[in-house]
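Trainee: Counted from 1, the sequence shown has number 15 at position 23 by the working numbering; the numbering is strictly sequential.
Heads up, the beta-carbon is just placed ideally off N, CA and C, and yes, glycines get one too.
Got a structure for you, questions after.
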Amino acid sequence: MELCRITVAINNTLTPHTLPPGTIQYLKDESMYPKGYFVQNTRFDFFNYAGIHRPVILYTTPSAYIDDITVTTDLADNIGLLQYLVSVRGSPHYALTLTLRNREGVVVATANGSAGELKVLEPNLWWPYLMNEQPGYLYYLEVTYWGLTLRGGGMLP
């Protein structure tokens, strides 16, 4: 077995896009501060330590894999609409099967391909507790990836 080194870089710079949020203020008076000097403005009462403070799991992916699944929903004339987009990385040769199941596991819609729409007639909608007889009703979307093997047949004249 060959040794492998993994290096991790940690950055605790706070921005509006990190948790906890913060802002960066660049101080541009070069008579008082070096070029590029900045201060972090924070709105919390603890020190933002840098480092890895919880367990980390490293994993590998196959050479081709599902990278992301985007789902948006809508309702039109008592038909539930589920638009989906599945991103596959590593190979253009694949097939996808999507199966939507209700709470009991019954298949209510199926589709093939990386983008499309599933339709559910008279869907059970999600409601908060005490606002419906079946609160928190969830459907389950199953996405199956099938890697395809291409076989060469020789050259055509």
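What's the gap between the Cα of Val78 and the Cα of Asp59?
Mentor: Working through the sequence shown from its first residue, we reach residue 78 at position 86. Working through the sequence shown from its first residue, we reach residue 59 at position 67. Each residue's Cα considered, the two are about 8 Å apart.
Trainee: If you reduce the DSSP assignment to three classes, tell me which class Asp60 lands in.
Mentor: Translated into positions along the sequence shown, residue 60 becomes position 68. The answer is strand: DSSP assigns Asp60 an E or B state.
Trainee: Rounded to the nearest angstrom, what separates Gly97 and Pro84 at their Cα positions?
Mentor: Here residue 97 corresponds to residue number 105 of the sequence shown, with the count starting at 1. Here residue 84 corresponds to residue number 92 of the sequence shown, with the count starting at 1. If you take the alpha carbons of Gly97 and Pro84, they lie about 31 Å apart.
Trainee: Thinking just about the alpha-carbon of each residue, which of Ile61, Leu74, Asp37 is nearest to the one in Arg93?
Mentor: As a position in the sequence shown, residue 93 is number 101, starting the count at 1. Nearest C-alpha to Arg93: Leu74.
Trainee: Can you confirm whether the region 27 to 38 touches the region 1 to 13 when touching is taken to mean that 3 or more C-beta pairs between the two stretches lie within less than 8 Å?
Mentor: yes
Trainee: Kindly indicate which residue of Val48, Tyr121, Thr136 has the alpha-carbon position closest to the one of Tyr129.
Mentor: Here the question's residue 129 lines up with position 137 in the sequence shown. Of the listed residues, the one whose Cα sits closest to Tyr129 is Tyr121.
Trainee: When the distance is taken between beta carbons, is Ala56 closer than 8 Å to Tyr18?
Mentor: For the purposes of this step, residue 18 is identified with residue 26 of the sequence shown, where counting begins at 1. For the purposes of this step, residue 56 is identified with residue 64 of the sequence shown, where counting begins at 1. Their beta carbons are not under 8 Å apart, which means Tyr18 does not touch Ala56 by this criterion.
Trainee: DSSP beta-bridge partners for Ile44?
Mentor: The residue given as residue 44 occupies position 52 in the sequence shown. None; Ile44 has no bridge partner.
Trainee: Excluding sequence positions up to five away, which residues of its chain have a Cβ less than 6 Å from the Cβ of Gly139?
Mentor: The residue given as residue 139 occupies position 147 in the sequence shown. So the qualifying residues of the chain are Ala56, Tyr86.
Trainee: Sort Leu113, Ala101, Glu109, Thr91 by Cα distance to Tyr137 and report the nearest one.
Mentor: Position 145 of the sequence shown, counting from 1, holds the residue named residue 137. Of the listed residues, the one whose Cα sits closest to Tyr137 is Thr91.
Trainee: So, with DSSP's three-state summary, where would you put Asn3?
Mentor: Walking along the sequence shown from the start, residue 3 turns up at place 11. Note: Asn3 maps to coil in three-state DSSP.
Trainee: With C-beta atoms as the reference, is Tyr132 less than 8 Å away from Leu110?
Mentor: For the purposes of this step, residue 132 is identified with residue 140 of the sequence shown, where counting begins at 1. For the purposes of this step, residue 110 is identified with residue 118 of the sequence shown, where counting begins at 1. No; because the gap between Cβ atoms is not below 8 Å, this pair is not in contact.
Trainee: Spatial neighbours of Ala42 within its chain, please: C-beta separation below 6 Å, excluding the five flanking residues on both sides.
Mentor: Here residue 42 corresponds to residue number 50 of the sequence shown, with the count starting at 1. Hits under 6 Å: Ile2, Asn4.
Trainee: Use the C-beta contact count for Leu88: other C-beta atoms within 10 angstroms, 16 or more gives buried, fewer gives exposed.
Mentor: Position 96 of the sequence shown, counted from the start, is the residue given in the question as residue 88. When all chains shown are included, Leu88 counts as buried.
Trainee: Only counting the same chain, and skipping five residues up and downstream in sequence, which positions put a Cβ closer than 6 Å to that of Thr102?
Mentor: As a working mapping, residue 102 is identified with position 110 in the sequence shown. Result list for Thr102: Thr91, in chain order.
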